[in-house]
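A quick write-up on the structure given underneath.
Protein chains: 2
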Amino acid sequence: MKISDIGEHKLLQLIYKYCPKDAVGDDAAILNPIPDCSLVVTTDVLVDKVHFSKMTTSPFDVGWRGVAANLSDIAAMGASPLGITVGLGLPGDVDISWVDDLYQGMTACLQAYNTPIVGGDLVRSSVIFLAITAFGQVCPTRIIRRNCARVGDAIIVTGQHGASRGGLELLLNPEIGSCISYNDQQVLINSHLRPKPRLDVIEHLWEVLNSESLLSVAGMDSSDGLADTIQQICHQSGVGAVIEIDNITFPPVFHQWLSKDKIWEYVFYGGEDFQLVLCMAPKAAQKLVQKLNKNAAIIGVITEGSKIILQDIQFPEKYPDLVISRDRGFQHFAN
Amino acid sequence: MKISDIGEHKLLQLIYKYCPKDAVGDDAAILNPIPDCSLVVTTDVLVDKVHFSKMTTSPFDVGWRGVAANLSDIAAMGASPLGITVGLGLPGDVDISWVDDLYQGMTACLQAYNTPIVGGDLVRSSVIFLAITAFGQVCPTRIIRRNCARVGDAIIVTGQHGASRGGLELLLNPEIGSCISYNDQQVLINSHLRPKPRLDVIEHLWEVLNSESLLSVAGMDSSDGLADTIQQICHQSGVGAVIEIDNITFPPVFHQWLSKDKIWEYVFYGGEDFQLVLCMAPKAAQKLVQKLNKNAAIIGVITEGSKIILQDIQFPEKYPDLVISRDRGFQHFAN
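First to last, the sequence lines map onto chains A and B.
For the first sequence, full-length UniProt numbering assigns the number 1 to the initial residue and increments by one for each residue that follows.
For the second sequence, full-length UniProt numbering assigns the number 1 to the initial residue and increments by one for each residue that follows.
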């Protein structure tokens, strides 16, 4: 059955299933943050045929990814999520089940973090789009900013990088995965379709900061790629960095699947891994890595100047003072 | 010059002009509400060729209307605005000046209420769309809800109704306005293109409630039409109403321009006047009407039951117990 068969009221009833009862039915939703918290707000928009394809991406995965991208930004500010609103544009010929599955994907990702859908708007459109705004709360002294990395800070990276890009490649060209196991393929594809925002890191981070009496942490999420993330932090903080690329973690299966150059391309420029890059005093950094059960690594150090130098101890002659370039970033409107 | 000529970074720089410096440049924006306030959140999406036409509506007006619709929802909850985020979908062939004018329209409407654009997302799309999310704050005992109108409450309506619908008609068919003055035409068109959210009413309302020691007010904004608004409040509160249609204010020029039936059609079903409909004890209602300098009127009373009866004292035989019908509402996905 299509959306145009049931009209707006019935479609809204379907969507209300996924919202807390007290959130819907008025001009706006009400949330009650903890007193004295700052409010964190972020917006992310996905458009059919630009950020996903209705033909090849399941609505469940579109919903999950849309939510994950927003919650990752909340985590990247050091905040806890309070709720999201959903602006949804739909052509009349979209199946009702597609919309239902979209909301199932959004709530599946939200449930892990007890975060409700508190409002939204449903509109007719010639193209499907999903505009999510997420709200979170954070103690004002605990905000993670991009512009406060200091010389001598250790640079921590959580999780693995390049996995999402590898998964995307397997979705686009399934035949190139024939040399790696089905299980390895699924793990990579899942990294791309169902990224997990690293809100779990934040509580460990505060424990470490409390024990070290540290006042601030610099950082952001790596959604636009690890290279861009390190660039942004250094640029906004007015510092440089030395990165030991041997300390950066990527899926072990890359060794049997990709050339070394391709591995670094995926790791640095792949994007959408939604991990966190955090800069703090070395002692605190070591404690955090331990707390995260080695699901994080110190990959370098913040330096004076503005250069970001990549060092490879194993192959010093192959990557001699390679500098991360800025102009490889994806531009939405480039010709 | 087109968007595709300059790329995303330069377009973002253009947009950053319209945002406070400390709001942009990180994963999310930070806002600091007054302690112990509840957070109010609302979203509204406009799509080209559905809610406006890029061909006939200026980008300034699209921006103004998008902001006004959201701030009206904030006012309708009794809240003060804190900020908005803007999700913007753009085809590459849109003129840069169109985007600049859009932001000028948004900020022009926001400036009257000291409300900043604190974040957003800019994406490529085959159709222009504008997804605005607005945040406000309200003392928890001051929230205006739809579901708490009580039998005996007076029903206040602010401003005039039908003006926006009249303005739309003049935009669609300019020739039909030949019998009214140019000035009257412009006032109606302006009501449609530049509606003003009634945040100004809220402070007067609290003064009255404080002086009357009233604990709650029911209400909402009339963006979906006056008939739908009264319906919603009555339905959600489990009450009925008697409306004296002679007390409802509409633009005086309607008398020389429209038939009586047409007048009531515009007034009750036109929509987008973005006025407030508020229900409270009669004494408080009278005080509020006085404070608003008669830019508001008591149009009826909340009754037991569920019927909404329209009375016309001047023409009792023409509108004998006319009941507002629910099925005239606009449905976005109707065939």
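Every residue, glycine too, gets a C-beta built ideally from N, C-alpha and C.
These numbers were taken from a predicted model, which means no experiment stands behind them.
Can you list the residues of chain B that residue i reaches, using a CB-CB cut of under 7 Å?
i, result
"A:Leu205", "The contacting residues do not exist; A:Leu205 stays about 15 Å from chain B at best."
"A:Gln231", "Chain B residues near A:Gln231: none, gap ~13 Å exceeds 7 Å."
Is any beta-carbon of chain A found at less than 7 Å from that of residue i?
i, result
"B:Asn247", "no"
"B:Met1", "no"
"B:Leu12", "no"
"B:Gly120", "yes"
"B:Phe274", "no"
"B:Ile30", "yes"
"B:Pro35", "yes"
"B:Val201", "no"
"B:Asp73", "yes"
"B:Arg146", "yes"
Just the chain A side, please: which residues come within less than 7 Å of residue i by C-beta, in chain order?
i, result
"B:Thr133", "Thr43, Thr85 and Thr133"
"B:Gly89", "Val45, Val47 and Phe129"
"B:Ile143", "Ile30"
How about residue i and residue j: do their beta carbons lie closer than 7 Å?
i, j, result
"B:Gly305", "B:Ile202", "no"
"B:Gly177", "B:Phe250", "no"
"A:Leu226", "A:Phe268", "yes"
"B:Thr133", "A:Thr85", "yes"
"B:Val157", "B:Val301", "no"
"B:Glu272", "B:Ser223", "yes"
"residue 336 of chain B", "B:Val67", "Any property of residue 336 of chain B remains undetermined from this structure, which presents chain B solely from 1 to 335."
"A:Ile155", "A:Ile248", "no"
"B:Pro197", "B:Leu82", "no"
"B:Trp98", "B:Arg194", "no"
"B:Ile230", "B:Ile313", "no"
"B:Ser181", "B:Ser164", "no"
"A:Gly166", "A:Ala131", "no"
"A:Thr303", "A:Val217", "no"
"B:Lys137", "B:Ile74", "The question names Lys, but residue 137 of chain B in the sequence shown is Gln. No."
"A:Met220", "A:Ala69", "no"
"A:Gly89", "B:Phe129", "yes"
"B:Val127", "A:Val127", "yes"
"B:Leu172", "B:Leu188", "no"
In chain B, which residues lie less than 9 Å from residue i when you measure between Cβ atoms?
i, result
"A:Ala218", "Here the premise fails: no neighbours, minimum Cβ distance about 10 Å."
"A:Gln236", "Gly25 and Asp26"
Answer yes or no: does any C-beta atom of chain B fall closer than 7 Å to that of residue i?
i, result
"A:Tyr16", "no"
"A:Arg150", "no"
"A:Leu130", "no"
"A:Ala69", "no"
"A:Pro320", "Its pLDDT being 49, under 50, A:Pro320 is placed unreliably by the model, and the measurement read from it follows with that caveat. It does not; no Cβ of chain B falls within 7 Å."
Anything in chain B within Cβ reach of residue i, meaning under 8 Å, just list it in chain order.
i, result
"A:Ile96", "Residues of chain B passing the Cβ test: none, with the nearest at roughly 10 Å."
"A:Val289", "The premise fails here: A:Val289 is roughly 22 Å from chain B at the closest Cβ pair, so nothing lies under 8 Å."
"A:Met77", "Asp26, Asp27, Ala28 and Ile30"
"A:Asp221", "Asp27"
Which residues of chain A have a Cβ atom closer than 9 Å to the Cβ of residue i, listed in chain order?
i, result
"B:Gly63", "Here the premise fails: no neighbours, minimum Cβ distance about 16 Å."
"B:Ser38", "Ile30, Leu31, Asn32 and Pro33"
Quick one: list the residues of chain A neighbouring residue i, beta-carbon separation under 8 Å, in chain order.
i, result
"B:Ile156", "Result: empty, since nearest Cβ-Cβ is about 16 Å, beyond 8 Å."
At least one CB of chain E closer than 7 Å to the CB of residue i: is that the case?
i, result
"A:Asp153", "Going by chain labels, chain E is absent from the structure shown, which instead holds the protein chains A and B."
Taking 8 Å as the cut-off, does the segment 132 to 152 of chain A touch the segment 24 to 31 of chain B (at least 3 CB pairs, one atom from each stretch)? Counting C-beta pairs closer than 8 Å gives three or more between the segment 24 to 31 of chain B and the segment 132 to 152 of chain A, which meets the contact rule.
How do the segment 11 to 18 of chain B and the segment 88 to 100 of chain A stand: do at least 3 beta-carbon pairs fall below 8 Å, yes or no? In short, these stretches do not touch, since the Cβ pair count stays below three.
Start-end ranges of the alpha helix (DSSP H) lying completely within the UniProt domain "PurM-like N-terminal" (25 to 138) of chain B, minimum 4 residues: The UniProt domain "PurM-like N-terminal" (25 to 138) of chain B contains these whole alpha helix (DSSP H) runs: 59 to 76 and 96 to 111.
Report the residue ranges of all alpha helix (DSSP H) runs contained in full by the segment 232 to 303 of chain B; include only those spanning at least 4 residues, in chain order. Inside the segment 232 to 303 of chain B, DSSP marks whole alpha helix (DSSP H) runs of 4 or more residues at positions 254 to 257, 260 to 269 and 282 to 291, from first to last along the chain.
With three or more C-beta pairs closer than 8 Å as the rule, is the segment 101 to 111 of chain A touching the segment 30 to 46 of chain A? Judged by Cβ distances under 8 Å, the segment 30 to 46 of chain A makes no contact with the segment 101 to 111 of chain A, as fewer than three pairs qualify.
Where are the beta strand (DSSP E) runs, 3 residues long or more, that stay fully inside the segment 204 to 229 of chain A, in chain order? DSSP runs (the beta strand (DSSP E)) wholly in the segment 204 to 229 of chain A: 218 to 221.
Decide if the segment 119 to 127 of chain B is in contact with the segment 45 to 63 of chain A; the criterion is three or more beta carbon pairs, one per stretch, under 8 Å apart. With the rule of 3 Cβ pairs closer than 8 Å, the segment 119 to 127 of chain B counts as touching the segment 45 to 63 of chain A.
Complete beta strand (DSSP E) runs within the segment 149 to 175 of chain A (minimum length 3 residues, chain order): Qualifying beta strand (DSSP E) stretches, in chain order: 154 to 158.
Three or more C-beta pairs below 8 Å linking the segment 281 to 297 of chain B and the segment 192 to 207 of chain B: Yes, the segment 281 to 297 of chain B is in contact with the segment 192 to 207 of chain B.
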